[in-house]
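Going by my numbering, the first residue of the sequence shown is number 127, and it counts up by one from there. Here is the structure we will look at, set down as C-alpha cells.
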Amino acid sequence: MKLTFKYPVYPTSTQEETLLAWLDHLCELQNSARHDRKVALEVEDRFVTLSEQQDKLTVAREKYEDFREVPQDFQNHALRRNDKAFTAFRKRCKEGAKKKGYPRYKKRVRSLTWSLRKYPKVVRRKTKDAEKQTIRVRENPIVETTFRHNRLKVPKLGEVKIRMHRPLEGDPKEVTLVKKASGWYAHITCELPDTRKVEPTDAIAVDVGTRHYLTTSEGEKEDNPRWYRTCEGLLHKHNQTLARRKKGSKRWYKAVHAVAYHHERTANKRKDFIGKLVYKLFHHQENNVLVAENLKVSNMVQNKHLSKSISDASWAKFFEWCVSIAERDGLHFHQVDPKNTSQTCSACGKKSPRKLSLAIRTFDCSFCGTVLDRDHNAALNILLRAACAHRGERWVTNLTEARNTNEARDAGLENAEQLSLLTLLTSPSL
Ligand SMILES: [Zn+2]
Numbered sequence: 127m128k129l130t131f132k133y134p135v136y137p138t139s140t141q142e143e144t145l146l147a148w149l150d151h152l153c154e155l156q157n158s159a160r161h162d163r164k165v166a167l168e169v170e171d172r173f174v175t176l177s178e179q180q181d182k183l184t185v186a187r188e189k190y191e192d193f194r195e196v197p198q199d200f201q202n203h204a205l206r207r208n209d210k211a212f213t214a215f216r217k218r219c220k221e222g223a224k225k226k227g228y229p230r231y232k233k234r235v236r237s238l239t240w241s242l243r244k245y246p247k248v249v250r251r252k253t254k255d256a257e258k259q260t261i262r263v264r265e266n267p268i269v270e271t272t273f274r275h276n277r278l279k280v281p282k283l284g285e286v287k288i289r290m291h292r293p294l295e296g297d298p299k300e301v302t303l304v305k306k307a308s309g310w311y312a313h314i315t316c317e318l319p320d321t322r323k324v325e326p327t328d329a330i331a332v333d334v335g336t337r338h339y340l341t342t343s344e345g346e347k348e349d350n351p352r353w354y355r356t357c358e359g360l361l362h363k364h365n366q367t368l369a370r371r372k373k374g375s376k377r378w379y380k381a382v383h384a385v386a387y388h389h390e391r392t393a394n395k396r397k398d399f400i401g402k403l404v405y406k407l408f409h410h411q412e413n414n415v416l417v418a419e420n421l422k423v424s425n426m427v428q429n430k431h432l433s434k435s436i437s438d439a440s441w442a443k444f445f446e447w448c449v450s451i452a453e454r455d456g457l458h459f460h461q462v463d464p465k466n467t468s469q470t471c472s473a474c475g476k477k478s479p480r481k482l483s484l485a486i487r488t489f490d491c492s493f494c495g496t497v498l499d500r501d502h503n504a505a506l507n508i509l510l511r512a513a514c515a516h517r518g519e520r521w522v523t524n525l526t527e528a529r530n531t532n533e534a535r536d537a538g539l540e541n542a543e544q545l546s547l548l549t550l551l552t553s554p555s556l
C-alpha cells in the first residue's frame, strides 16, 4: 500500500528562485519531448520509447551547461510523466475511444519529483571479531532538528525548511515538490505493508445527491455544503478585478494570485469535508462495509442544468476517498449498478409505473403502499443490491410497465423473499 504525506515547505527566496527556474526548464523539456513524439508519429508513424528519450537526455546533459544545472532525476521524472500521457493516449487509440485526447502542450509545470535511492552503508557489528558488513539503506529525506521546523534534503539545492505536523510512516520512496497559490508543499510517498481486511459484519449504503450530500440506508442525511455556490460571489469579484487590470502588470499578477488562491481554498474546503465524512461513515458507527452507486460522473455532468451542482459535489472524489480509506484501514467498499435505484420500491421490489422526476422527494409505492423518503428508499435499494451481489445473485426489478410484462414475469423474486433478503443484511453472514 502506498500513502502520500503532505507537508508545507518554506524555501528561502534564493531557493525559490532556483526552484522556479527548474520548473521552467522542466516545462520546456516536457514540451520538447512531446514535440519529438509528435513528429515521430506524424513523419515516421512510430512511437518513441521512454528509454530513447532518456538516452537523448544523457547526451544533452554532456553537451549543454543548463541541462547539467538541473538534477537528472527531475528531468527523468518529467520525461516519465510525458511517457505516461502518451501510453494512455495509445491505449485509448487501441480501444477505439471516441475522445482520444492527444497529450497537450503544457503552459507551465508546477511540480518536480525525485526518487529516494538505496545506497550501500558499511555497518560494523558490536562483537569483537566482527567483520564489516554492507547493507543497503534508503536515504532519509528529512533532517531532524530541535527547532519548530525540520529540514528536507533537496538534490543540488540543499536543505529546505519543512513543517512535519505529523510523523512520516513507512518507507519513503519518492518526494514531489509542488507549487500552489498558497505556497510550496512536499508530497512524500511511502510504502507501507498492506492492512489485513476485516471480516465484513455491518454494512451501510449511501445514496449521493445534490439536495443533500448523501442519505444513508439508516435514513440519516448529510447536508450539502455547496462550497462553490457559497464562494461564487467572491470569485466573481476577484475575476472582475483581474479583468480591469493591465495584463502583465504587477497588480495584474496580484489579481491572478488572488483568483488562484480562492480556488485553492475552495478545493481545500471540499477535500476537508469529504475526508471527514468518509471517516465518519466508516468509523463512527463501526460499519466495515460501505456501499455506493457506481456513477458515471463524467456522463452526468453533460446535463446542463445539473453540471455545476454535480461538479461542486465532486462525487468522484468522494468515491476515491472511500476506496483509499477502506484500503488503508482494512475495510470494504463496494459499488453497485445505479440503474433504477430511485425508481424501485425497496419493500416490494416493484418499479414505479411512472418515472419519478427529481422534484418528487417522497417515494409512494402504488403496490404495497410504502411511503419513504426518496433518497432513503434509493439507499435501501443500493444496500439490497450489494447484499445480493455478495450472495452471488443478481437483483432484478419487477418491471411493471406494460411493454415489459414478459420481463417482469421472468424476473421475479417473490415479495417475501425480497424482504427476507433485507433482514439478511443485519445478520452477521454478510
Ligand atoms: Zn412497494
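Beta carbons: idealized from backbone N, C-alpha and C, even for Gly. If you're wondering where the values come from, they're calculated on a predicted model, not measured in any experiment.
Pairing serine 435 with leucine 242, the inter-Cα distance amounts to about 41 Å. Burial of asparagine 208 is indicated by the presence of at least 16 other C-beta atoms within 10 angstroms of its C-beta. Under the three-state reduction of DSSP, isoleucine 508 is assigned to helix.
At the C-beta level, valine 196 and leucine 152 come within 9 Å of one another. Arginine 206 and leucine 176 do touch by the CB rule: their CB atoms are close to 7 Å apart, below 8 Å.
According to the DSSP assignment, arginine 230 belongs to no beta strand (DSSP E), since it is labelled neither H nor E.
Rounded to whole angstroms, aspartate 297 and valine 165 show a C-alpha spacing of 41 Å. When only Cα atoms are considered, lysine 376 and alanine 307 end up about 16 Å apart.
Here valine 332 is buried. Its C-beta has 16 or more other C-beta atoms within 10 Å. Within the DSSP bridge table, the entry for glutamine 259 names Val249 as partners. In this structure, glycine 227 has its CB at a distance of at least 8 Å from all heavy atoms of ligand 1. By the neighbour-count definition (other C-beta atoms within 10 Å, threshold 16), cysteine 448 is a buried residue. For secondary structure counted as the alpha helix (DSSP H) over 4 or more consecutive residues, the region 390-432 holds these complete runs in sequence order: 423-426. Taking all protein chains in view, the Cβ of phenylalanine 408 is crowded by 16 or more other Cβ atoms within 10 Å, so the residue is classified as buried. Serine 472 and arginine 480 have their C-alpha atoms some 16 Å from each other. Threonine 315 places its beta carbon less than 9 Å from that of valine 301. Leaving aside the five residues that flank valine 382 on each side, the residues in its chain whose CB is nearer than 7 Å to its CB run, in chain order, Leu368.
With a cut-off of 8 Å, the C-beta of alanine 473 is classified as near ligand 1, since at least one heavy atom of the ligand falls inside that distance.
With respect to tryptophan 148, aspartate 199 sits apart: the two C-beta atoms are not nearer than 9 Å.
One Cα belongs to cysteine 219, the other to phenylalanine 212, and the distance between them is close to 10 Å.
Lysine 279 is positioned such that its CB atom lies no closer than 9 Å to that of proline 293. By a beta-carbon distance limit of 8 Å, valine 324 contacts leucine 457. Their separation comes to about 6 Å. Distances between the C-beta of threonine 467 and the heavy atoms of ligand 1 are all 8 Å or more. Between asparagine 507 and serine 450, the gap from beta carbon to beta carbon reaches 9 Å or more. Short note on threonine 496: C-beta closer than 8 Å to some heavy atom of ligand 1.
If the five residues before and after alanine 512 are omitted, its C-beta is found closer than 6 Å to the C-beta atoms of Val417, His460 and Val462, all from its own chain and listed in chain order. The shortest C-alpha to C-alpha distance from lysine 244 to any of Lys232, Lys226 and Glu265 is the one to Glu265.
Between the alpha carbons of proline 137 and valine 263 lies a gap of roughly 27 Å.
The three-state reading of DSSP puts alanine 211 in helix, counting H, G and I together.
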